[in-house]
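Numbering (my numbering), first residue to last: 2 to 425.
Structure below.
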């Protein structure tokens, strides 16, 4: 009987799956990473896509802001920012004129130690680094609304910059199709109302936008970034080990589009058919379920309607540090959550949107849940069936789905894009 290892935080868990039932173990494609990250960063900023070079953009600017993703992402900011800062210096911009805003979205603040690890001591010593506060009106600027009515509340420091550049990575994502590009602005450095609006827009569709590059949410994000004045990005595509495959610098839409092509090559995986059971690791999105929930959407694409998804996730920080109250309504049907939101019984629109998204998955499939960081009671409140181990969950799934059930394993589900080649 094959023994399958899947990531679980810093460790692996092992599951025995009968050979006759194992459809396959699927991971992002192994690709050759660059040998010299600094050289790749320098190449990208000197070979921009759809824009001037960084030194030309920065010439004469007094205030430059770099918007960088947080420690829930693997972007090697500590390797990227020193090269960018040196290039800004070459353009006549002193380190004292540069600041970094951490694109937390609605995540918790990063601690000083986390900032040192993420950005590196050199960057910490050279420039000021700020956590984005989505909840503080004094730190936000009201820019009205998008054409479609989405309110634009944006980080004041970002808006007042003479030049703002987003730094992040491009992976499949259930809300805007792919992370990266303008997503560093929304939700990265936006207010809660802006983020609630785009997240709720995403659940008007019955299924996630995972892997769909052009969709209503992405178009809103692009418009918001342009309105704010964040017209340039530095994005990387990483392999499943967090190593840089390629870097892209340039126009917020043009450079992103080129990066998506490479991201698909790494993260899209072909399955011969939809599985009866999908066993999925939340790696690398392990910190809390607010990140690990992305496991659901790739699994949803890989499993048959009426099948079973097994989510295996450590979640040492529990469900959601900044959205803890959502456990009280997340297990309800999507229509009920929407009604509660409309009646004003739920104030957190961002959490409500994710509760609806999770409910949409539950309406199609059962979700089994294995986690040391989330209690059985909490798992049930989220609408999931808890199990002590991945093996117990799989054994029960096999019992319910039958002896002929086919099992697909997704080793890095949050970042993966399953493509079903046949319905047979």
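Glycine is no exception: its CB is placed at the ideal position from the N, C-alpha and C atoms.
Three-state secondary structure assigned by DSSP to residue i
{"i": "residue 425", "result": "With a pLDDT of only 43 at residue 425, under 50, the local geometry of the prediction cannot be trusted, and the value read off the model is given with reservation. Three-state DSSP puts residue 425 in coil, outside helix and strand."}
{"i": "residue 288", "result": "coil"}
{"i": "residue 249", "result": "strand"}
{"i": "residue 169", "result": "strand"}
{"i": "residue 276", "result": "strand"}
{"i": "residue 350", "result": "helix"}
{"i": "residue 378", "result": "helix"}
{"i": "residue 4", "result": "strand"}
{"i": "residue 96", "result": "helix"}
{"i": "residue 387", "result": "strand"}
{"i": "residue 371", "result": "strand"}
{"i": "residue 203", "result": "helix"}
{"i": "residue 37", "result": "coil"}
{"i": "residue 190", "result": "coil"}
{"i": "residue 419", "result": "strand"}
{"i": "residue 310", "result": "strand"}
{"i": "residue 409", "result": "strand"}
{"i": "residue 211", "result": "coil"}
{"i": "residue 106", "result": "coil"}
{"i": "residue 101", "result": "strand"}
{"i": "residue 329", "result": "helix"}
{"i": "residue 164", "result": "strand"}
{"i": "residue 130", "result": "strand"}
{"i": "residue 176", "result": "coil"}
{"i": "residue 396", "result": "helix"}
Segment limits, beta strand (DSSP E) that includes residue i
{"i": "residue 17", "result": "12-17"}
{"i": "residue 143", "result": "141-146"}
{"i": "residue 70", "result": "65-70"}
{"i": "residue 233", "result": "233-239"}
{"i": "residue 156", "result": "152-156"}
Residue span of the alpha helix (DSSP H) that contains residue i, given as start and end
{"i": "residue 116", "result": "113-127"}
{"i": "residue 79", "result": "78-91"}
{"i": "residue 335", "result": "335-343"}
{"i": "residue 258", "result": "255-268"}
{"i": "residue 436", "result": "Only positions 2 to 425 of the chain appear in the structure, and residue 436 is not among them; the question remains open."}
{"i": "residue 303", "result": "296-303"}
{"i": "residue 56", "result": "55-59"}
{"i": "residue 223", "result": "217-229"}
Option in the options with minimal Cα separation from residue i
{"i": "residue 422", "options": "271, 349, 367, 335", "result": "271"}
{"i": "residue 12", "options": "321, 285, 299", "result": "285"}
{"i": "residue 206", "options": "354, 296, 316", "result": "354"}
{"i": "residue 294", "options": "417, 161, 59, 214", "result": "417"}
{"i": "residue 327", "options": "274, 217, 352, 198", "result": "352"}
{"i": "residue 105", "options": "57, 184, 36, 63", "result": "184"}
{"i": "residue 303", "options": "179, 208, 115", "result": "208"}
{"i": "residue 229", "options": "218, 187, 250, 217", "result": "187"}
{"i": "residue 237", "options": "173, 343, 102", "result": "173"}
{"i": "residue 361", "options": "333, 266, 380", "result": "333"}
{"i": "residue 182", "options": "190, 192, 167", "result": "167"}
{"i": "residue 77", "options": "23, 144, 160, 171", "result": "171"}
{"i": "residue 248", "options": "239, 254, 255", "result": "239"}
{"i": "residue 126", "options": "100, 175, 139, 367", "result": "100"}
{"i": "residue 79", "options": "200, 290, 123", "result": "123"}
{"i": "residue 75", "options": "119, 32, 102, 113", "result": "119"}
{"i": "residue 25", "options": "379, 274, 299", "result": "274"}
{"i": "residue 2", "options": "20, 158, 112, 373", "result": "20"}
{"i": "residue 162", "options": "136, 59, 325", "result": "59"}
{"i": "residue 254", "options": "264, 231, 356, 323", "result": "231"}
{"i": "residue 291", "options": "109, 35, 48", "result": "109"}
{"i": "residue 289", "options": "267, 320, 312, 296", "result": "320"}
{"i": "residue 420", "options": "267, 61, 73", "result": "267"}
{"i": "residue 61", "options": "384, 95, 30", "result": "95"}
9 Å Cβ cutoff, residue i in contact with chain C
{"i": "residue 370", "result": "Given the protein chain composition of this structure (a single chain), no chain C is represented."}
Note to self: Below 8 Å, how does it come out for the segment 301-317 and the segment 333-344: are there three or more Cβ pairs, yes or no?
What the structure shows: With contact defined as three or more Cβ pairs closer than 8 Å, the segment 301-317 and the segment 333-344 are not in contact.
Next item on the list: Count the C-beta pairs between the segment 136-154 and the segment 35-48 that are closer than 8 Å, then say yes if the count reaches three, no if not.
Entry: Too few Cβ pairs lie closer than 8 Å, so no.
Note to self: For the segment 258-265 against the segment 375-394, do three or more pairs of beta-carbon atoms, one drawn from each stretch, fall closer than 8 Å, so that the two count as touching?
What the structure shows: As far as the Cβ criterion goes, the segment 258-265 does not touch the segment 375-394, which means the pair count is below three.
Check: Is the segment 51-61 touching the segment 89-105, taking contact as three or more C-beta pairs under 8 Å?
Finding: With a cut-off of 8 Å, the segment 89-105 and the segment 51-61 count as touching, because enough Cβ pairs lie within range.
Note to self: Would the segment 314-325 count as touching the segment 154-167 if we require 3 or more Cβ pairs under 8 Å?
What the structure shows: With the cut-off at 8 Å, the segment 314-325 and the segment 154-167 do not touch.
Notebook entry, point to check: At a cut of 8 Å, does the segment 397-415 reach the segment 276-290 through at least three beta carbon pairs?
Noted result: Yes, the segment 397-415 is in contact with the segment 276-290.
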